[in-house]
Structure formats: structure tokens, C-alpha cells
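First residue of the sequence shown: -2, per this note's numbering; consecutive thereafter. Note that CB positions come from ideal geometry on N, CA and C, so glycine has one too. One structure is given below, encoded as C-alpha cells.
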Amino acid sequence: MVTRSVALAAFVAAAPLTAMAQSALPTPVETAALRELDAWSVSAIARNEGALPADLWARSDPAFLAAALDKLPAVYDSAAMQNLARRVLFSGGDAPRGDTQAAARKRFEAIGRMGAADQLATMVAGSGTSASDPIIAQYGAQAELARGRRNEACARGRNAAAVDAPPPFLLRLRAYCAAAGGDRAAADLALELARAQNAEDAWYTGAVAAAGGAPGARPPAARWDNSLAVQLSLAGQLRPGPNPLANSSTLALVALARSDTTPQPMRAQAAALAFRRDVIGPREARVILSATPAEVTSALPPIVVALRRIQAAAPAAGAPANPAGPSAAEVTGAAIADVLRQSTAPADFAAAARFFREEINALQVAPDAAAAVLYARAAISNGDVQVSNRLVASARQAGATEAALAPLDAALAVMAGVRNDSGAMAMQRRIDAGGASGARAAARDVAILAALGAPMNGTVQTFLLANPPQGGARADAGAMLALAASAERGALGEGAVLAVAAAGEAGPARLDADSLDRLIRALRALRLEDDARRVAVEALLAGAPS
């Protein structure tokens, strides 16, 4: 138990003599006990980084929370939904009332599925006695393995509380730790315990032997489905089979990306996928991808191909520019335009925009009007408001059509706020730009603006009545109904989880207009205005789903 002492002292210059005499007495001290961090109060982000308030679980039932957390996706194709999931999962707060063990475990499991290795490792390390919970310890060990920290991972396994039936993962982890440390007898004992619990796996038996320096006559092929399998495969120098990344968890991708011993081009592919899922940052991804050997030219991710073009065009220090060929800026612009064009899926486009953010913000010329629109869309995706306004204006000057720019204008209006006359003007501009052929798409965008609070007059209502938005999938009905109930009683954390679950893996881009309307309004009711705007911008940029 830690004790915090807060000194309470006051001095009033014009106080009477008696009060001045009292002030000479020892200053009273108020003491308050600080609670030790646990599985709920531990946090990976601060309030100024987007953490939710400490009472985020105050109005939630822990049994229901466990079920809701279990509905969160493993892969996020939506930056808006992933950002919201991070805010709620990484925020520390007071535990809900009741038996919270199952829900706490699901919280850490959801972070593990997301693949946030660094945050997960930090939170397990700071969770106090909860770190010895066998399930939470398992997730902590997986995170440390993804970070390439074998000793810390092994310590997580050793410090897990003893139970009659430990998770098979922990027994396999002990076998790996013993084999890597040269203790083959301890490794065999751990595998025997797994066998006794009907958790025997021939692959792990062969991989542990290879990792311990005693591979069998026919060692197994590498398996990269989880971070433990990755480290066993790398330690045993196992050769990958066909499509080795097909079943890789996000934590496994992080482990592969961060290991210098991962064979190429699989390391580049793993790093690109981990970056696409936003579990490694652009700086780290660029370092890893730039280190891809020059002789590796096949099966490279598009961002690596574009990066090589940009780096090759950059003039050497002190070297004169080549007047005969395109400038470095022109090559950079063309390379970025090409990779953005290839990124037809919203998640791929957002990743490419994020990877080349600095280059996009510095662009001054575009090869054509279509490329100028792509640059502007990328800047909006990155949330760079001033750059977005500049690039949209440049695209308009370059001859881009109003139909192509209309969703971008609507997204810019959302970023600026649409609750007053500017919202009504944004609606009318979107309707006018849609024309007869684009009325359905315009109607969807107008509905999004209305959900954010843009005032609807009779003209707008008449337009929506005549052009009901079509296309898209319904959000998860059960999650949406539960979300409405959560919003009504102000259950902030629970509502955030349900919003992510309702949108699903693909996020807002796939949803129909009615689902988007309900989702955005629920987020606003929960006072998650910034998240509501992110959802709206993402849906506007993606366009009407087929």
C-alpha cells in the first residue's frame, strides 16, 4: 500500500490577528491511500492521449462486459474503430461491481488479438497481483515474445500462479524456455506435462527439439501462427512452408517483423501487414522495410516498391540534379499516386497514406488531376486539416470534377464541425455536386452529416425522401440494440466496446446509411464526439458500398 500525503496550507494577507496566530500552528496533513494497480486500473495511455475517464465501467455488468469484449475483432480494417478500441482497452479505471475476473481476462485477450504487443506487455507488467493470473500471464508472455524478449516472456510463465490445469501455452512456453537455455530435461518434462493434460502437439515436440539444438531426422516446417511458434521456428531454424503468413496472428506478425533472423521477403511482408494493422509505427516500419536486401525483388508489398522508387530518386548529398530526367519531387509524387491507386481497400489506402504522410504533406505538384484527388483524400485520411484544404484546392485547380471532390468537401466540413449554418451549406453543396446520376451516393453522405448534427431543412428532407440511400451491410443487430441501451444509461466503456463490435472487422465503410446513422448518434450520446467524426470521415472517404 502506498501513502500519498497532501499538504494543506492557506494564507490570507488581510486576515485578523487571531487567524495569523493560528497559522503558526503545524500545518494539518491529509492522508489518502493510493490503490495498487490491478487488471482494471492499469493503463497504457494518459488522459491527454485519449484515455477515457476512470468511471468508464461504472454502469456495466462484468458478466455482460466479458461477452461484449469477446465480440471485438482480431483484425481492424477501420482506423476509426481501432482507435476507439484502443481508447477503451488501454484506459485504466475503476473495476465494475461484481465478479470481474472473466471480464478482466477478456480485456487483455482483446488487446492480444489486436496485436498491440508493446501496450499489452506494459499493462501486464503494471497490473500488480493480476499479472500472476495464468490467463493474463499467458497474454503477457505472448506480448514479450512478439517483442523478441525471451527472458521477460519466460519470467511471465514462471510467475504464473500454479493451477491444476495450466493453459497448454504456458507448458509449451516452459519447454521452449528450457530448450533455449540448454536444459533439455526440463523441456522434456514440460512437454510430458502437456501430454498428461491431453495437450500434446507433435509440431511443438519437434520444434522444441530443434530449438534445443537436437532436431529430429525430419524437423517440422516453420509455423508462424502465434508468437511462441514464431520464436520456436526461428530458434530451430525451421524452413517455412507454402503461404507461411496465411494464419499468422497479429502478434506473430510483430515477432516476425522485429526479428533480424526472419527470412526475406517474409519479413517485409510481415512488417507491411503489421503496419497495415497499425501495431507498429511508420518510423519502425520504414526502418525494417528499408533494410530489405536489394536482391529481393519479388513478392514485395506495394509500399516497399514505392519506397524504393522514392529513395532511388533522392539526390545524393552534393550531387547536382539531373536536368534530363524527372525531379525527385516528381518521382515521389508519381510513386505515391501509384501506390494509392493500387490500394482499393479502405484499410490499404489508409495504411499507404499513413506510411507516406510526410511526403504527402510536402507535395507541391501532381502528375494529373486524379493523382491530386488521391493526395487530398490521403491527407484527410491522416487528419491533417490544413494540408487537406490545400490539396483539395489544388485538385480543384488541376481540373478535378466536382463529383470526385464532393465527398472530400463533405469530409472537410465534418472535420471543421457541421452543427450550424456551415452544416446546412455542406449538405446543400453535397446535393448539388451529386447531380442526377450521383443522387444515391449524395443521399448517404447527407445522412452522415445529419447524424453529426447538421440541421436539415425541408429541401434536404425532400431530397432524402426522394433518394433513399441504398447499399451496404447492416451492423450487428444484437450489438446495436445493446449499444442503444448502453448509450441511454451512459455506460461509456461498454458503449465504446459495443460500437466497435457492431461495426465489425470492416468498420464503417461497409455499413448501410441507417446503421451509420444509429452508430454515429450513439457515439455522440456517449460524448464520444471525436470518434463519431472519425467514423463519418472514414465512411465519406470510402464512398457508398455496393
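| Would A214 pass as a contact of S230 if the rule is Cβ separation under 8 Å? | Within the sequence shown, numbered from 1, the residue matching residue 214 stands at position 217. Within the sequence shown, numbered from 1, the residue matching residue 230 stands at position 233. The beta carbons of A214 and S230 sit no closer together than 8 Å.
| field | Residue from T259, P465, V251 whose Cα sits closest to the Cα of P237 | value | The residue you call residue 237 lines up with position 240 of the sequence shown. For the residues T259, P465, V251, the minimum Cα distance to P237 belongs to T259.
| What are the start and end residues of each continuous alpha helix (DSSP H) run of 4 or more residues lying completely inside the stretch 109 to 167, in chain order? | Taking only runs of at least 4 residues, the alpha helix (DSSP H) segments lying wholly in the stretch 109 to 167 are 114 to 122, 131 to 143, 147 to 155.
| Given A421, which residues of its chain have a CB within under 6 Å of its CB, disregarding the five upstream and five downstream residues? | On the sequence shown, position 424 is the one that residue 421 refers to. Cβ neighbours of A421 beyond the five flanking positions: P452.
| said: From the DSSP secondary-structure annotation, give me the bridge partner or partners of A219. | reply: One-based indexing of the sequence shown puts residue 219 at position 222. According to DSSP, A219 bridges with P237.
| Beta-carbon spacing of S224, L142 below 8 Å | To locate residue 224, count along the sequence shown from 1; it is residue 227. To locate residue 142, count along the sequence shown from 1; it is residue 145. One thing to note: S224 has its Cβ within 8 Å of the Cβ of L142.
| query | F166 to E189, Cα distance in whole Å? | reply | Looking up residue 166 in the sequence shown gives position 169. Looking up residue 189 in the sequence shown gives position 192. Near 13 Å, if we compare the C-alpha coordinates of E189 and F166.
| request: Report buried or exposed for S543, applying the criterion of at least 16 other Cβ atoms within 10 angstroms of its Cβ. | output: Taking the sequence shown and counting its residues from 1, the one referred to as residue 543 is at position 546. Classification for S543: exposed.
| message | Could you tell me the alpha carbon to alpha carbon distance between T119 and A401, rounded to whole angstroms? | response | Taking the first residue of the sequence shown as position 1, residue 119 is located at position 122. Taking the first residue of the sequence shown as position 1, residue 401 is located at position 404. Cα-Cα distance, rounded: 44 Å.
| query | For S88 versus S40, is the C-beta spacing smaller than 8 Å? | reply | Here residue 88 is taken as the residue at index 91 of the sequence shown, counted from 1. Here residue 40 is taken as the residue at index 43 of the sequence shown, counted from 1. Annotated as proximal: S88 and S40, with beta-carbon spacing under 8 Å.
| Going along the chain, which residues of its own chain have a beta-carbon closer than 7 Å to the beta-carbon of L86, five neighbours each way excluded? | Sequence index remark: in the sequence shown, residue 86 carries index 89 (1-based). These residues qualify, in order along the chain: R104, A107, I108.
| request: Give the secondary structure of L190 by DSSP, where H, G and I count as helix, E and B as strand, and everything else as coil. | output: Translated into positions along the sequence shown, residue 190 becomes position 193. When secondary structure is reduced to three states using DSSP, L190 falls in the helix class.
| query | Which residue from F346, L186, A479 puts its Cα closest to that of A172? | reply | One-based indexing of the sequence shown puts residue 172 at position 175. Put simply, of F346, L186, A479 the residue whose alpha carbon is nearest the alpha carbon of A172 is L186.
| field | Same chain, Cβ closer than 6 Å to T329, five either side skipped, listed in chain order | value | Stepping through the sequence shown from its first residue, residue 329 is reached at position 332. If you ignore the 5 residues before and after T329, its C-beta comes within less than 6 Å of the C-beta of I307, E356, all in its own chain and listed in chain order.
| 7 Å Cβ shell around A554 - same chain, five flanking residues per side excluded | For the chain, the structure presents residues -2 to 543; residue 554 sits outside this window and is missing.
| query | Exposed or buried, L286, counting other C-beta atoms within 10 Å across all chains shown (16 or more means buried)? | reply | Here the question's residue 286 lines up with position 289 in the sequence shown. Residue burial annotation: L286 is buried, with at least 16 other C-beta atoms found within 10 angstroms of its C-beta.
| message | Short of 6 Å in beta carbon distance, which residues of its chain neighbour L461, apart from the five on each side in sequence? Order them along the chain. | response | Counting from one through the sequence shown, the residue named residue 461 turns up at place 464. Answer for L461: A440, listed in chain order.
| message | Suppose you measure from the CA of L555 to the CA of D115; what does that come to, to the nearest Å? | response | Since the first residue shown for the chain is -2 and the last is 543, residue 555 is missing from the structure and cannot be characterised.
| request: Using alpha carbons as the reference points, say which of D514, A499, G435 lies closest to A448. | output: Position 451 of the sequence shown holds residue 448. Closest by alpha carbon: D514.
| Can you name, in chain order, every residue of its own chain whose Cβ lies under 6 Å from the Cβ of Q228, other than the five neighbours on each side? | Here the question's residue 228 lines up with position 231 in the sequence shown. Result list for Q228: L142, in chain order.
| said: Between the alpha carbons of G475 and V494, how many angstroms are there, rounded? | reply: As a first step, residue 475 is located in the sequence shown; it is residue number 478 there, counting from the start. As a first step, residue 494 is located in the sequence shown; it is residue number 497 there, counting from the start. Straight-line Cα distance between these residues: approximately 13 Å.
| Would the beta-carbon of D275 fall within 8 Å of that of S245? | As a working note, residue 275 is residue 278 in the sequence shown. As a working note, residue 245 is residue 248 in the sequence shown. No, they are not a contact pair.
| task | Give the straight-line distance between the Cα atoms of T247 and R102, rounded to the nearest whole angstrom. | result | Within the sequence shown, the letter at position 250 stands for residue 247. Within the sequence shown, the letter at position 105 stands for residue 102. Cα-Cα distance, rounded: 19 Å.
| said: According to DSSP, is A470 part of a helix, a strand, or is it coil? | reply: Here residue 470 is taken as the residue at index 473 of the sequence shown, counted from 1. Three-state result, A470: strand.
| Given G203, which residues of its chain have a CB within under 7 Å of its CB, disregarding the five upstream and five downstream residues? | One-based indexing of the sequence shown puts residue 203 at position 206. Residues of the same chain with a CB within less than 7 Å of the CB of G203, apart from the 5 flanking positions on each side, are G213, P216, P217 in chain order.
| Beta-carbon gap between R273 and D345 smaller than 8 Å | Position 276 of the sequence shown, counted from the first residue, corresponds to residue 273. Position 348 of the sequence shown, counted from the first residue, corresponds to residue 345. Yes, they are a contact pair.
| task | Compute the distance between the beta-carbons of A232 and V251, then report whether it is under 8 Å. | result | Mapped onto the sequence shown, residue 232 falls at position 235. Mapped onto the sequence shown, residue 251 falls at position 254. At the C-beta level, A232 and V251 stay beyond 8 Å of one another.
| task | Name the one or two DSSP bridge partners that L495 has. | result | Within the sequence shown, residue 495 is the residue found at index 498, counting from 1. DSSP lists no partner for L495.
| request: Leaving out five residues on either side along the sequence, give the residues of the same chain with a beta carbon under 8 Å from the beta carbon of L409. | output: For the purposes of this step, residue 409 is taken as residue 412 along the sequence shown, with counting starting at 1. Cβ neighbours of L409 beyond the five flanking positions: I377, V382, S385, N386, V389.
| query | DSSP three-state call for L508: helix, strand or coil? | reply | By one-based count along the sequence shown, residue 508 stands at place 511. Strand at L508.
| task | Can you give me the start and stop residues for the alpha helix (DSSP H) that M263 sits inside? | result | Sequence index remark: in the sequence shown, residue 263 carries index 266 (1-based). Per DSSP, M263 belongs to the alpha helix (DSSP H) from 263 to 273.
| request: Kindly list the residues whose CB is nearer than 6 Å to the CB of W54, restricted to its own chain and excluding five residues on each side of it in sequence; keep chain order. | output: Translated into positions along the sequence shown, residue 54 becomes position 57. Only G90, P93, G490 meet the Cβ criterion.
| field | Chain-order list of residues whose beta-carbon lies under 6 Å from that of D527 (same chain, five-residue window excluded) | value | For the purposes of this step, residue 527 is taken as residue 530 along the sequence shown, with counting starting at 1. None.
| Pairing CB atoms from the stretch 59 to 71 with CB atoms from the stretch 153 to 167, are three or more of them under 8 Å? | At 8 Å Cβ cutoff, the stretches do not touch.
| task | Taking 8 Å as the cut-off, decide whether the C-beta atoms of R351 and P279 are in contact. | result | Translated into positions along the sequence shown, residue 351 becomes position 354. Translated into positions along the sequence shown, residue 279 becomes position 282. Judged by their CB atoms, R351 and P279 are nearer to each other than the 8 Å cut-off.
| task | Measure the beta-carbon distance from P505 to S75 and round it to whole angstroms, keeping in mind my assumption that it falls under 8 Å. | result | As a first step, residue 505 is located in the sequence shown; it is residue number 508 there, counting from the start. As a first step, residue 75 is located in the sequence shown; it is residue number 78 there, counting from the start. A Cβ-Cβ separation of about 6 Å places P505 in contact with S75 under the 8 Å criterion.
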